[in-house]
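S.K.:
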Amino acid sequence: MSVQATIESKLTDQLSPLVISVENESHKHSRGENSHFKLTVVSEVFAGLRPVQRHQKVYGVLGDELESGVHALAIHAYTPEEWQSRGGEVPASPNCLGGSKHDK
Amino acid sequence: MSTTLDTIKEQIENNPILLYMKGNPQMPQCGFSSQAVQALMACEEKFAFVNILDNPDIRAELPKYANWPTFPQLWVKGELVGGCDIIIEMYQSGELKKLISEAAAS
């Protein structure tokens, strides 16, 4: 299973999302083909959680992936109500500025 | 001798507005750090930053302490606010400016 499919299946199993989208954005960066993903997750489990706690929930599900090559996740986590009031729109992710050249 | 964890705790305790980032505000080295620092600068208050590319020990230790695997990380009054996505969303909703102004005033 591809990294993208694994991420999607783990989040689907553990967060019961109404909407889920996993987009591979690695081409915008310089760390290989499975390094950067953009996630949009709409789920009831986020209700009552501050943004930082919502992201920690997602990071908790994807700990193995973050240990093994996934470098960064752009996370957009909404409750169904918030998703509806946004009209289903998600902000764009930035492009790479080359920081990985500092890594030996 | 102080450990890396002591250093991190001291930084977070002593700087009410603190951004851990890749590069510095004038020359960010990552698109996510760049967006985060721009949003923070738009709040027009003084803030501290740590360039984690120059501090590999902090880069290795902070994610465990924070329960947050990536950078940038914005800390306000001793609490993790979040990374780039959260900073941008809070900036757009006006919450970031409010939070930063309050932290600067206290």
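Order-wise, the sequence lines are chains R and X. Counting in the working numbering, the first sequence runs from 4 upward without gaps. Counting in the working numbering, the second sequence runs from 12 upward without gaps. For every residue, glycine included, the Cβ atom is placed at its ideal position computed from N, Cα and C.
(1) Might you give, ordered along the chain, the residues of its own chain that have their beta carbon closer than 6 Å to the beta carbon of A77 (chain R), omitting 5 neighbours on each side?
(2) What are the boundary residues of the alpha helix (DSSP H) that includes A77 (chain X)?
(3) Could one say the Cβ of N27 (chain R) lies closer than 7 Å to chain X's Cβ atoms, at least one of them?
(4) Based on the DSSP output, what are the partners of G93 (chain X) in its beta bridges?
(5) Apart from the five residues just before and just after E11 (chain R), which ones in its own chain have a Cβ nearer than 8 Å to its Cβ?
(6) Determine the direct distance from the alpha carbon of S19 (chain R) to that of S46 (chain R), and round the result to whole angstroms.
(7) Which residues does DSSP pair with E26 (chain R) in a beta bridge?
(8) Are the CB atoms of L29 (chain X) and A59 (chain X) nearer to each other than 7 Å?
(9) Tell me the rounded alpha-carbon separation between G42 (chain X) and C54 (chain X).
(10) In terms of residues, what are the limits of the beta strand (DSSP E) holding I28 (chain X)?
(11) For a contact defined as C-beta to C-beta under 7 Å, what are the partners of G102 (chain R) on chain X?
(12) Helix, strand or coil: how does DSSP classify V6 (chain R) here?
(13) Indicate whether the contact test is met: 3 or more Cβ pairs, each with one atom in the segment 67-81 of chain X and one in the segment 29-38 of chain R, closer than 8 Å.
(14) So P54 (chain R) contacts chain X; which residues on that side make the cut at Cβ distance below 9 Å?
(15) Whole angstroms is fine: what's the gap from N27 (chain R)'s alpha carbon to I97 (chain X)'s?
(16) Flag this pair as yes or no: are the beta carbons of K75 (chain X) and A114 (chain X) separated by less than 7 Å?
(17) Use the C-beta contact count for R57 (chain R): other C-beta atoms within 10 angstroms, 16 or more gives buried, fewer gives exposed.
(18) Am I right that G84 (chain X) and Y31 (chain X) are in contact with their C-beta atoms under 8 Å? What's the rounded C-beta distance?
(19) The segment 76-94 of chain R: which residues have C-beta closer than 9 Å to a C-beta of chain X, in chain order?
(20) Within a Cβ cutoff of 7 Å, which residues of the same chain sit near P36 (chain X), ignoring the five residues on either side of it in sequence?
M.R.: Taking the structure as given:
(1) Cβ within range, chain order: K41 and S96.
(2) A77 (chain X): member of the alpha helix (DSSP H) spanning P67 to A77, first to last residue.
(3) By this cut-off, N27 (chain R) is not an interface position.
(4) Paired residues: X:L85.
(5) When the five nearest sequence neighbours on each side are left out, the beta carbons in the same chain lying within less than 8 Å of the beta carbon of E11 (chain R) are those of I23 and V25, in order along the chain.
(6) So the alpha carbons of these two residues sit roughly 7 Å apart.
(7) For E26 (chain R), which the question treats as bridged, DSSP gives the partners R:K41.
(8) Contact check for L29 (chain X) against A59 (chain X) passes: the beta carbons are separated by less than 7 Å.
(9) Rounded to the nearest angstrom, the two C-alpha atoms are 19 Å apart.
(10) I28 to M32 is the extent of the beta strand (DSSP E) around I28 (chain X).
(11) By Cβ distance, chain X contributes K33, G34, Q40, C41 and L64.
(12) Reduced to three states, the DSSP call for V6 (chain R) is helix.
(13) No: the two stretches stay apart, fewer than three of their Cβ pairs being nearer than 8 Å.
(14) Going along chain X in sequence order, the residues near P54 (chain R) (Cβ under 9 Å) are V92, G93, D96, I97, E100 and M101.
(15) So the alpha carbons of these two residues sit roughly 20 Å apart.
(16) No, these two residues do not count as a Cβ contact at 7 Å.
(17) The residue is buried, with at least 16 neighbouring Cβ atoms inside 10 Å.
(18) Reading off the sequence, residue 84 (chain X) comes out as Gln, not Gly. About 4 Å; that satisfies the 8 Å criterion.
(19) Answer in chain order: L76, A77, I78, H79, A80 and P94.
(20) The residues V48, M52 and F60, in chain order, have a CB closer than 7 Å to that of P36 (chain X) in the same chain once the five nearest residues on each side in sequence are set aside.
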